[in-house]
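Colleague: Numbering (this note's numbering), first residue to last: 651 to 893.
Got a structure here, written out as structure tokens. Questions coming.
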């Protein structure tokens, strides 16, 4: 009878509880009269006050701790989104194109010049394209780009915890004869010079080829585990170059 009321710091009248149980209140309850009874009732009231105060402060402490943890988690998530270190959002736009960018990518700027759901999942350095990353992630709310150094593009174990965990069959483009198309692009264009006059490109064909193989290996394996075998997938590999 007293369990539920105690949760809200309330106590049922003892005589009512005794009568409800079929006992005479006078036979069970002590008569608290006189000086001794008054002292006992005051001590009970003090205990009740201490319980209420301690419970209230404990509740406030737990709420503060919960708010602090939530804020820390949100800050850590936003920081990972800013740096491109979080797993890309699986939901959202369908038919996505994986585009690996070098130091700068005019093509990617043009592709997301309009607001909405972007069909490009770029791999780029947020420090060299800060405005692009902010627009792409809708103010750093959603992980919609990756930051992988170009020297690591050819390593499948780098892509496994990122693309391997995020890719879905809905990312694939619609092909012919019922097949799906996995499209991966590498933007090898340069920021400052269209004609390089003999200079070595930062993102060359060999580096792009290594990236194609590593990403295709990881994504095909992940899609196969989701029930879409590689025999039903066509690979489309695009290298963007200066003309």
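Glycine residues also receive a C-beta, built at the ideal position from the N, C-alpha and C atoms.
On the DSSP bridge list, what partners appear for residue 792?
Modeller: Residue 792 pairs with nothing; no bridge assigned.
Colleague: Classify residue 774 as buried or exposed, calling it buried when 16 or more other Cβ atoms lie within 10 Å of its own Cβ.
Modeller: Answer is buried; the Cβ neighbour count reaches 16.
Colleague: Let's test the definition: count the other Cβ atoms within 10 Å of the Cβ of residue 841 and tell me whether it reaches 16, buried, or not, exposed.
Modeller: Exposed.
Colleague: Given residue 790, which residues of its chain have a CB within under 6 Å of its CB, disregarding the five upstream and five downstream residues?
Modeller: Cβ within range, chain order: 728, 731 and 732.
Colleague: Would you call the CB atoms of residue 752 and residue 852 closer than 7 Å?
Modeller: Their beta carbons are under 7 Å apart, which means residue 752 touches residue 852 by this criterion.
Colleague: By how many angstroms is the C-alpha of residue 833 removed from the C-alpha of residue 819?
Modeller: Taking the straight line from one Cα to the other gives about 12 Å.
Colleague: Can you tell me where the beta strand (DSSP E) with residue 818 in it begins and where it stops?
Modeller: Counting along the chain, residue 818 falls outside any beta strand (DSSP E), and DSSP gives it neither H nor E.
Colleague: Roughly how many whole angstroms lie between the Cα atoms of residue 807 and residue 828?
Modeller: Their backbone Cα atoms lie some 31 Å apart in a straight line.
Colleague: Please list the terminal residues of the continuous beta strand (DSSP E) segment that includes residue 835.
Modeller: Unbroken beta strand (DSSP E) run through residue 835: 830-837.
Colleague: Can you grab the Cα-Cα spacing for the pair residue 755 / residue 715, in whole Å?
Modeller: Straight-line Cα distance between these residues: approximately 43 Å.
Colleague: Name the residue from 706, 836 and 822 whose alpha carbon lies nearest to the alpha carbon of residue 872.
Modeller: Out of 706, 836 and 822, 822 has the C-alpha closest to the C-alpha of residue 872.
Colleague: Identify which residue in 813, 724, 839 and 698 has its Cα closest to the Cα of residue 888.
Modeller: Taking only the C-alpha atoms, the option nearest residue 888 is 839.
Colleague: Just the Cα atoms here: how many angstroms apart are residue 717 and residue 706?
Modeller: Taking the straight line joining both Cα atoms gives about 17 Å.
Colleague: Where does the unbroken alpha helix (DSSP H) through residue 724 begin, and where does it stop?
Modeller: Segment 684-733, the alpha helix (DSSP H) holding residue 724.
Colleague: Would you report the Cα separation of residue 683 and residue 672, rounded to the nearest angstrom?
Modeller: Distance between the alpha carbons of residue 683 and residue 672 is about 24 Å.
Colleague: Hey, could you find the ends of the alpha helix (DSSP H) residue 747 is sitting in?
Modeller: Taken as a continuous stretch (DSSP letters only), residue 747 belongs to no alpha helix (DSSP H), being part of the beta strand (DSSP E) at 747-751.
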